[in-house]
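Here's the structure we're looking at; comments come further down.
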């Protein structure tokens, strides 16, 4: 299917565990982003990537790592999950710097 | 994030106009965007405006941009219950023109 897909849609994990959220897009977009959405904070940028093997931190990157070995995939890993990382995570992609960003459906992560 | 500001809630009656306001931070932002999020869903682009425009109209939607005050507004005419959602304004700035979003305005349309 064409588009941008995230998996899983829902995840419950325990404090201290490593968790990886997957993001896959079929357009070969250069730019990809990870955001988290929390009540009262809107969407905050965690990491972004301009191309394969080019990534950089956003405003709330502590406790997260990313990789981008292939253009179409941009996984986000929580190295040691904490309760404060309970959130809804959105992945997005865009083709060029001034085009719209397309968003995945989100992953609701609960850390217990 | 990054101080794009919106009011959190707006309640209107069906058939009325809705106006959602936003202030952004960077006068050099090239494009400014409005996204809509329905419950349990991702964000979908509603409309956008290029920074050299003052106004853009698209069917029931009117976007007004005041660059001097860094103020952006979205007017929805004849608001319907299906318009109930969270509306985010966003600016695109900095390295790689990253998106920075406001906190979102939850629009509630009463029948």
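Chains as they are written, first to last, in the working numbering: chain A, 39 to 150; chain B, -13 to 97.
Even glycine gets a Cβ: it sits at the ideal position worked out from N, Cα and C.
Remember, it's a predicted structure, so these values are computed and weren't measured experimentally.
- In the three-state DSSP reduction, residue 4/B falls in the strand class (E or B).
- With contacts defined as CB atoms closer than 8 Å, residue 69/A and residue 81/A fail to qualify as a contacting pair.
- Within chain A, the residues placing a beta-carbon under 8 Å from that of residue 89/B are 78, 79, 80, ordered along the chain.
- In chain order, 0, 67 place their CB closer than 7 Å to the CB of residue 97/B, counting only its own chain and leaving out the 5 sequence neighbours on each side.
- In the DSSP assignment, residue 126/A falls within the unbroken beta strand (DSSP E) covering 125 to 132.
- In this structure, the alpha-carbon of residue 74/B lies about 18 Å from that of residue 41/B.
- Taking all protein chains shown into account, residue 87/A has 16 or more neighbouring C-beta atoms within 10 Å of its C-beta and is therefore buried.
- Listed along the chain, the chain B residues whose CB falls inside 7 Å of the CB of residue 139/A are 85.
- Residue 148/A carries a strand assignment under DSSP once its states are collapsed to helix, strand and coil.
- With the criterion set as a beta carbon lying under 8 Å from some beta carbon of chain A, the region 44 to 65 of chain B has no members that meet it.
- The beta carbon of residue 142/A sits closer than 8 Å to some beta carbon of chain B.
- Out of 136/A, 132/A, 131/A, the CA that lies nearest to the CA of residue 79/B is found in 136/A.
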